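Asker: When the letters of the sequence shown are read in order and numbered with full-length UniProt numbering, they come out as residues 1 to 165. C-beta: ideal position from N, C-alpha, C; glycine also. Since this is a predicted model, take the numbers as computed values, not measurements.
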Amino acid sequence: MIISVKEVKKYICCVLIPLLVGYLSSILAQAISGVDTITYYHELIKPGFSPPGIVFPVVWTVLYILMGTSSYIILSQNKNETKIKDAMFYYWAQLGLNFLWSILFFGFQLRLTALVDLILLLGFVLIMIYKFYKIKPIAAYLNIPYILWMIYALVLNYFIWFINK
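Next up, the structure:
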């Protein structure tokens, strides 16, 4: 199978978008707070099940690549254009909520507001996965690690908020 240069560029673009969204969110959060996110995270009182701060950029990089790959798969389908636009609406909405989380949690140190954002984000991701599944199941399956991480992040965010009130 020969892959065109156009398709390679489309794939790279689909992967770069979530990576850039995550990176820009982190940069903006640091600019708002004036503190590096890893330093801020280190200074919080955390539950025993919280990972070291260095784990987050590694995990998010993998998740953003999977997310971008799944969006590429959906955008590459020659199916019902309305279903694709509908699924991509939820993709973009969850990406926007994802962008906001770091700014709320790290930038403005609004841990409860970030928790609410995370609950909304989880809902949008679940809907996105369902919509992706209806178009191309593999695109949904690629987001299973994202859902698992979101559930873990939600529990972690809750305990960090509760402990640090």
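Confirm, please, whether the CB-CB distance from leucine 156 to serine 26 is below 8 Å.
Answerer: No, the pair does not count as a contact, with Cβ atoms beyond the cut-off.
Asker: Kindly list the residues whose CB is nearer than 7 Å to the CB of tryptophan 161, restricted to its own chain and excluding five residues on each side of it in sequence; keep chain order.
Answerer: These residues qualify, in order along the chain: Arg111, Leu112 and Leu115.
Asker: According to DSSP, is aspartate 117 part of a helix, a strand, or is it coil?
Answerer: Three-state DSSP puts aspartate 117 in a helix.
Asker: My assumption, with CB atoms under 8 Å, is that alanine 153 sits in contact with leucine 118. Please give the rounded CB distance.
Answerer: Sure, about 6 Å apart at Cβ, within 8 Å.
Asker: Figure out for me which residue from Ile32, Gly107 and Ile73 has the closest Cα to the Cα of isoleucine 129.
Answerer: Considering only alpha carbons, the answer is Ile73.
Asker: Do proline 145 and residue 174 come within 8 Å of each other at the CB atom, strictly closer than that value?
Answerer: Past the boundaries of the shown model lies residue 174; the chain is included only from 1 to 165, so the question cannot be answered.
Asker: What number of angstroms, rounded off, separates the C-alpha of valine 21 from the C-alpha of isoleucine 2?
Answerer: Whole-angstrom Cα-Cα distance: 30 Å.
Asker: On the DSSP letters alone, give me the boundaries of the alpha helix (DSSP H) that residue 216 sits inside.
Answerer: This structure does not reach residue 216, given that the chain is present from 1 up to 165, and the question cannot be answered.
Asker: Can you give me the start and stop residues for the alpha helix (DSSP H) that proline 57 sits inside?
Answerer: It spans 55–75 - the alpha helix (DSSP H) in which proline 57 sits, taken as one unbroken run.
Asker: Measure the alpha-carbon distance for residue 169 versus phenylalanine 124 and round it to whole angstroms.
Answerer: Lying before the first or after the last residue shown, residue 169 is absent from the chain, which here runs from 1 to 165.
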